[in-house]
Structures are given as C-alpha cells and as structure tokens.
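Data block below; observations after.
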Amino acid sequence: MPIQNIPEKNAILFVWFNHYAGILLKTPSKTLVIDPVDVKARQLQNSDAVLITHEHYDHLDQRLIAEIYKKTSCQIIADLASAKSLKNTIPPERIQNAYPGTEIKVGEVSIKPEKCQHPAQNPVTYLITSEDGVKIFHTADSQPYPEMVQIGEKEKIDLVFCTVGIAPKATPETGFEIARLTKPQVAVPYHTNNPAEQKRFAEILKTNMPRTGCLIPEQNKIYQVTKRR
Ligand SMILES: [Zn+2]
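So the sequence shown is numbered by the working numbering: it starts at 6 and just counts up by one.
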C-alpha cells in the first residue's frame, strides 16, 4: 500500500487494509477504496473514488474521507445515510447516492450497489466490474440473502469478499453461505481479527466447494485476481 503496479490485462489488484471491510482495489485504469477506516489518507492519495457501504464506525470515517477528498478530489459514492452526513464536509455535488438498482460509473469501471442484509440505515453492497470485465462483489457486513443466487448467476463473479466475524451474526458459516450462493471463482474471508475464523471458512469452503479458490489475505499485502475463462 499504496499499489504502485498496474494489474495485468483481465486482472485486478487488491489490498485488505484493516480488520473490517477496508479494501483498496486497482483496475488497469482506476483505483477505488471501499470503507476506509484505520488507514492513512496519504496511503490512498491515488484514489479515483471512495465507496462507502454504511454509516457504522468501522466503515465510515468522515474526517478521513474529507482528508482523502482534499488530496484527490475523488468521486464519493455512498449509501444514503453516509452520503447525508458526508455533505457536511464534502461538496454535495461530488457525492453520489448508492441504492440498489442504480449503476454508477467511475470512468469505464461500473459500480452497481446491491442489497445488504445488515442492521444499518440504508446499507449497500457493491458489485464492481472492471473495464475488462473482472467482477468483484464487496458484500460489506452482509448476511447471506436469497437474491445473492441471482446476482451470482447473472454476473459470474470472480472475487467475493465474505464477512466471517465482528458484525452481528457473522460467522465463518454465514461467510461460507455467501460463497455458496454467489459461486465465485475466488472467495476471500474478511471482516475479522481472528485468523481462526478465516481458517474455519477455508475448511468449510474446501469441503463443500473444492473447486472454489480461497484467498486468506494478509493485511496490507497486494493480491492479483484474474478474470475466469
Ligand atoms: Zn463492519
């Protein structure tokens, strides 16, 4: 962090930078940061857009976003509750409201907010498609929900982030359930400070979906994921 390299064609790079849902994502043309907390603004100064999923303290840090914005003038995309409070510090015309069913573009990168099953005001998840078609599903703190099946069938997801701890009702089992419903090429257990939860997720995945890749990320390390053939 920050990511200096540019991903290969048909690939993306990502970094998990906190114990929660903090992800830095780099496509060949754009750098996106999702739910930045517990990170320095200077590590995110190449960001083209900040995406926020909901207003809880481990996802929304207003002061940090204002700092990132000051350095980058980046696009801000946020769920309604977060967008509303961000209007105190960011010019309102730079903030785009995220609600399921709308599509937001960051250059050639597509951002589709989807439903999020989590006790917050207007939480969203994000289905992100890079300019060369790599599909990433950032499920924030969501519990599994039935419509994830349709999202998986329609989008053919390459990479899904699955909450396995800290959030209400989140366990390695519910994280695995998200992978089971969305059928990605690679599943990443995150939102935990307990490596045992990630290991348990990996075991359940290996037993039940042996052909799905499990990537247990180390914090602040860069990973590349390539589009499935
Ligand atoms: Zn959280």
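Where is the CB? At the ideal position from N, CA and C, for every residue including glycine.
Check: When DSSP labels each residue in this structure, what does asparagine 277 get in the three-state scheme?
Finding: This structure gives no information on residue 277, because the portion of the chain shown stretches from 6 to 234.
Note to self: With distance defined between alpha-carbon atoms, name the residue in Ser90, Ala86, Val42, Val38 nearest to cysteine 79.
What the structure shows: For the purposes of this step, residue 79 is taken as residue 74 along the sequence shown, with counting starting at 1. Considering only alpha carbons, the answer is Val38.
Notebook entry, point to check: Based on the DSSP secondary-structure assignment, which residues constitute the bridge partners of histidine 143?
Noted result: Here residue 143 corresponds to residue number 138 of the sequence shown, with the count starting at 1. For histidine 143, which the question treats as bridged, DSSP gives the partners Tyr131, Phe166.
Check: With distances taken between CB atoms, is the gap from alanine 172 to aspartate 137 smaller than 8 angstroms?
Finding: As a working mapping, residue 172 is identified with position 167 in the sequence shown. As a working mapping, residue 137 is identified with position 132 in the sequence shown. The answer is no: Cβ separation not under 8 angstroms.
Next item on the list: Between the Cα of lysine 188 and those of Glu223, Lys174, Arg233, spot the shortest distance and give me the residue it belongs to.
Entry: Along the sequence shown, one-based indexing puts residue 188 at 183. Nearest option by C-alpha distance: Arg233.
Next item on the list: Give the secondary structure of glutamine 224 by DSSP, where H, G and I count as helix, E and B as strand, and everything else as coil.
Entry: One-based indexing of the sequence shown puts residue 224 at position 219. For glutamine 224, the three-state secondary structure derived from DSSP is coil.
Item checked: Whole-angstrom distance between valine 111 and alanine 16, CA atom to CA atom -> By one-based count along the sequence shown, residue 16 stands at place 11. By one-based count along the sequence shown, residue 111 stands at place 106. Their Cα atoms are separated by approximately 17 angstroms.
Note to self: So, at 6 angstroms on beta carbons, what are the nonlocal neighbours of asparagine 93 in its own chain, with the 5 sequence-adjacent residues on each side left out?
What the structure shows: Within the sequence shown, the letter at position 88 stands for residue 93. The answer is none, since no qualifying residue turns up.
Next item on the list: List in chain order: all unbroken alpha helix (DSSP H) runs of 4+ residues lying wholly within the stretch 68 to 117.
Entry: As far as the stretch 68 to 117 is concerned, its whole alpha helix (DSSP H) runs of at least 4 residues are 85 to 91.
Checklist line | Contact check, threonine 144 vs valine 169, beta carbons under 8 angstroms | finding: The count along the sequence shown starts at 1 and reaches residue 144 at position 139. The count along the sequence shown starts at 1 and reaches residue 169 at position 164. Judged by beta-carbon spacing, valine 169 lies beyond the 8 angstroms limit of threonine 144, meaning their Cβ atoms are not closer than that value.
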